[in-house]
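Report on the following structure.
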Amino acid sequence: MKVYLVGHDFLYEMENLVRLFYPCDRIEMIENATGHEDPGQDDGAWLTIAPKDDGTLRYTVKVTLLGQAPCERQDEGPMMDPPAEQERRLGVLLFTVLQALTGQTPAWGIITGVHPVKLLRQKSEEVGLLAAEEFFRDKWLVSDEKIQLMRRVLQVQEPYVALNQPNSCSLYLSVPFCPSRCSYCSFISQAVEGAKKLVEPYVTLLLREIEETAAIARQVGLQIQSVYMGGGTPTTFSASQLTAVIEKVRERFDLSHCVEFTVEAGRPDTVTKEKLQALLNGGVTRISINPQSMHDDVLRAIGRRHTVADTLRAFSLARDMGFDNINMDLIAGLPLDTPEKFRQTLKAIEELSPESVTVHTLALKHAARMMRDEEVRENHRRGETARQMVEDAGRALTRQGYVPYYLYRQSRMAGNLENTGWSRKGKECFYNIITMDEIHTVLSCGAGGVTKLCDPFSTDIKRVFNFKYSYEYVSRFDEILQRKKQIIKGYGTFLHRAGQKNL
Ligand code: SF4
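So for the sequence shown, the working numbering puts the first residue at 1199; every next one is plus one.
Rendered as structure tokens:
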């Protein structure tokens, strides 16, 4: 579809909104359009804001799908509306036109961002929860069902958010290696067989980066509240490599205020007794063992290279060794999976009774190998199957006593749904809450790591990027250390603006 922007530059939001309805299609955004363009053999959308003689603004959205009559809607608003309100009005109009043309009503309305719960928290701090919910329903067209879900999440998060102090932060350690690459993956992770030579130098440099980061955290006055080692698959590291990393964290950071230390042991085929023992010895409090599906044909179809039996073995090994906080990830909308098979997966997970279950919805980014399969793209576009699975999961997990405690969205998710973490009471992952809702600073080490500096005195966020790929991380490590100094500068700015001397 060709999308023409006339009289405004709301490119990013409008593109995301069109993508809600056409997640796998090619969308071409054309700025500074006149409104008279011919899209040729493409569908066309003209999104126009124009001043009127009476001092108001006219909003017009016209969409022409090939072979169909055009669909057009208009609205009017004050000239003095701030840009965010103009963008919202145009977004609502575009949403209603696409809704009429496709018969779909995306449940998140015109919210396309990643952090809806954070938005609801901010809005309810301004106007109270009820008025904030009304705003979400009436102005952003969010469904009652999603508002209820967010309300439940907000309530569960309250005590965790209350733990946050101006000097709080968390530490993220990135391990960008996996045993093989899943076909839906758009992350920078590398299959470890092809990257064997990189792993040892990577670990060595990661240890150095942890040292440097700890020194900066001390200088700035930051206090660690949680540690999360993710990826990738951290348990592609050997037991001794895992021990080295964990010991370095313990040696260099003050963890006296740390409430949680998570390591993703994501791929069950990487889990061994030695590695789990290394995690236990290092004081790791929470692990993740991720089946994604409890059907071998689905796992084969997505290139996971582990079996259901591997998952069962890894889980019972971890339980027997004493892990009392285990998360399991599932994905709704995978190829070859059906609602019936997904219910069987949920049943199998119920029998294991992990402390938390994260239900992801398949998101197909362009980098994913799976995007090349037309049938998967078509299923993804329809999203019906994924929606059914997510609903079944919500019902089953609620019945089993789990509560939703964090959620986030990604672009190009099947059915425009969300990823939701469900947990037994008191076993919520603190890191997931603070990072998804951007409640405090996250210091990141390793390839692909993004340090997010959250101003404790305002809503400002600054980001410091590490190199994405492990080979760049290894070859340009000194540049990463240079970039890390931006943390000191960033906190200097925060303190200066707030008129504070320290955190
Ligand atoms: S385990 Fe996760 S990070 Fe690794 S390839 Fe699969 S989806 Fe990507």
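Just so you know, even glycine gets a beta-carbon here, dropped at the ideal spot from N, CA and C.
Could you tell me which residues DSSP puts in a beta bridge with residue 1619?
-> 1556, 1604
So does residue 1379 have its beta carbon nearer than 6 Å to some heavy atom of the ligand SF4?
-> yes
Per-residue burial, residue 1446 [other beta carbons within 10 Å of its own, 16 or more giving buried] | buried
What span of residues does the alpha helix (DSSP H) with residue 1673 cover, start to end?
-> 1668-1673
Look at the alpha carbon of residue 1226 and the alpha carbon of residue 1504, and state the distance between them as a whole number of angstroms.
-> 39 Å
Where does residue 1220 sit, in a helix, a strand or coil, going by DSSP?
-> coil
Measuring CA to CA, which of 1280, 1384, 1293 is closest to residue 1272?
-> 1293
Give the range of the alpha helix (DSSP H) segment to which residue 1545 is assigned.
-> 1537-1550
What's the call for residue 1246, buried or exposed, on a 16-neighbour Cβ count within 10 Å?
-> buried
Would residue 1351 be called buried (16 or more neighbouring beta carbons within 10 Å of its own) or exposed?
-> buried
To which residues of the same chain is residue 1223 closer than 7 Å at the C-beta, ignoring the five residues directly before and after it?
-> 1199
Beta strand (DSSP E) segments (min. 3 residues) lying fully within the stretch 1233-1309 = 1242-1249, 1254-1262, 1269-1276
Is it the case that the CB of residue 1435 approaches a heavy atom of the ligand SF4 more closely than 6 Å?
-> no
Through-space distance from residue 1437 to residue 1477, alpha-carbon basis | 8 Å
Taking just the CA atoms, how far does residue 1384 sit from residue 1429?
-> 12 Å
Would you mind reading off the limits of the beta strand (DSSP E) that contains residue 1637?
-> Run containing residue 1637: none; DSSP gives neither H nor E here.
Could you tell me which residues DSSP pairs with residue 1428 in its beta bridges?
-> 1372
Taking 6 Å as the cut-off, does the CB of residue 1668 come closer than this to any heavy atom belonging to the ligand SF4?
-> no
Answer yes if the stretch 1397-1407 comes into contact with the stretch 1583-1599, meaning at least three C-beta pairs across the two stretches below 8 Å, and no otherwise.
-> no
Nearest-angstrom Cβ-Cβ length linking residue 1231 and residue 1202, presumed shorter than 8 Å | 4 Å
Is the CB-CB distance between residue 1612 and residue 1584 below 7 Å?
-> yes
Residue(s) in a DSSP beta bridge with residue 1456 = None; residue 1456 has no bridge partner.
Compute the distance between the beta-carbons of residue 1164 and residue 1457, then report whether it is under 7 Å.
-> Absent from the structure is residue 1164, since the part of the chain shown begins at 1199 and ends at 1701.
Can you list, in chain order, the residues of its chain whose CB lies under 8 Å from that of residue 1582, leaving out five sequence neighbours each side?
-> 1613
Reference residue 1568, options 1533, 1521, 1398, closest by Cα = 1533
Regarding residue 1385 and the ligand SF4, is the C-beta to nearest heavy atom distance less than 6 Å?
-> yes
Identity of the residue in 1336, 1529, 1319 nearest residue 1308 by Cα = 1336
heavy atom of the ligand SF4 below 6 Å from residue 1431 C-beta | yes
Host alpha helix (DSSP H) of residue 1402 (start-end) | 1394-1418
Range covered by the alpha helix (DSSP H) that runs through residue 1689 = 1684-1696
3 or more residues per run - each beta strand (DSSP E) lying fully within the stretch 1441-1504 = 1458-1462, 1484-1486
List the DSSP bridge partners of residue 1649.
-> 1662
Taking the alpha carbon of residue 1474 as the point to measure from, which residue in 1493, 1448, 1439 has its own alpha carbon closest?
-> 1439
Below 7 Å between beta carbons: does that hold for residue 1386 and residue 1667?
-> yes
Should residue 1464 be listed as close to the ligand SF4, given that the test is whether its C-beta is under 6 Å from any heavy atom?
-> yes
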